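S.K.: Take 3 as the starting number for the sequence shown in the numbering used here and just add one per residue.
Pasting in a structure now, in structure tokens, and then I'll have a few things to ask.
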Amino acid sequence: MTQSHDLAARFAIDHDFTGETLGKRYMLERRIGYGGTASIYAAKDLTTKATVAVKVLHPEHNQNQDIARRFTQEAQIAAQVRHPRLVRAHDLGCFMTLVGAETSEPRRYTVFELVKGRSIGKTLAESAMPWQRTVPIVLDLLSGLAALHARGVAHRDISPNNAMIEVQDGRERGRLLDLGYARMIEEDK
């Protein structure tokens, strides 16, 4: 879940929570990506011992109710709409963390399955992809998008940086990421 095309490309991220344990369960091992609102970490689930991806909201956005609502909604959609071409959310949490002797702030996070692969954006930055390679990946992504639409969800942020290529059973497969701008279609009426 790597994002570098949005606000983070314009603003420095001056915090890294690597080494922290969130919710007494998810130990953040290393940051693997970031965007304008959150950083993504490879983490160890201390209960199941599985490696997961944990998206942590940047602290400067904790008091912004619109961003916090979208962050929560992304996790809920990713947990409810199950499809092999979409990245699944497993957990959503928020807890207070000490900042100073007398102050604390919420730490909001979402736990996703960790997709081992590469963003299409990074792949395209190296070289063009031939159509024979591209078509099956695009069909995978469209399949995930159709699953969202069938549940009344518009993704609203399709880009090469929000899609990954992973290898499954010796075959490249596309996975659609980042539902941070997704919206329930009924809300637009």
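Virtual Cβ for every residue (Gly too), placed ideally from N, Cα, C.
Everything numeric in this text was worked out from a predicted model, so none of it was measured.
Nearest to residue 49 by CA position, among 159, 145, 168, 93, is which residue?
M.R.: Per the Cα distances, 93.
S.K.: Going by beta-carbon coordinates alone, are residue 166 and residue 110 separated by less than 9 angstroms?
M.R.: Not closer than 9 angstroms, so no.
S.K.: Report all residues from its chain with a CB closer than 8 angstroms to the CB of residue 90; omit the five preceding and five following residues, and keep chain order.
M.R.: Excluding positions up to five away in sequence, the list reads 80, 81, 84, 114, 115.
S.K.: Taking a contact to mean a Cβ-Cβ separation below 9 angstroms, would you say residue 176 touches residue 122 in this structure?
M.R.: In contact: residue 176 and residue 122 (Cβ atoms closer than 9 angstroms).
S.K.: Could you tell me if residue 26 is buried or exposed, where buried requires 16 or more neighbouring beta carbons within 10 angstroms of its beta carbon?
M.R.: Counting Cβ neighbours within 10 Å, residue 26 comes out exposed, since fewer than 16 surround it.
S.K.: Between the segment 15-32 and the segment 44-61, can you find at least three pairs of beta-carbon atoms closer than 8 angstroms?
M.R.: Touching, per the Cβ criterion.
S.K.: Of all the options 153, 154, 146, which has the alpha carbon lying nearest to the alpha carbon of residue 178?
M.R.: Of the listed residues, the one whose Cα sits closest to residue 178 is 146.
S.K.: For residue 118, which residues from the same chain have a beta carbon less than 7 angstroms from its beta carbon, with the 5 sequence-adjacent residues on both sides left out?
M.R.: Once the five neighbours on either side are set aside, the close Cβ partners of residue 118 are 168.
S.K.: With 16 other CB atoms within 10 Å as the buried threshold, where does residue 142 fall?
M.R.: When all chains shown are included, residue 142 counts as buried.
S.K.: Which ranges would you report for the beta strand (DSSP E) in the segment 3-67 if only whole runs of at least 3 residues count?
M.R.: Qualifying beta strand (DSSP E) stretches, in chain order: 28-36, 40-47, 53-59.
S.K.: Could you give the first and the last residue of the continuous alpha helix (DSSP H) run that contains residue 140?
M.R.: Segment 133-152, the alpha helix (DSSP H) holding residue 140.
S.K.: What are the residues that DSSP puts in a beta bridge with residue 155?
M.R.: Partner(s): 186.
S.K.: In angstroms, rounded to a whole number, what distance separates the CA positions of residue 138 and residue 144?
M.R.: About 10 angstroms.
S.K.: Please report the straight-line C-alpha distance between residue 40 and residue 56, rounded to a whole angstrom.
M.R.: Rounded to the nearest angstrom, the two C-alpha atoms are 10 angstroms apart.
S.K.: Along the alpha helix (DSSP H) that carries residue 165, what are the first and last residues, could you check?
M.R.: No alpha helix (DSSP H) holds residue 165; the beta strand (DSSP E) holding it covers 165-170.
S.K.: Going by C-alpha to C-alpha distance, which of 95, 186, 33 sits closest to residue 44?
M.R.: Taking only the C-alpha atoms, the option nearest residue 44 is 33.
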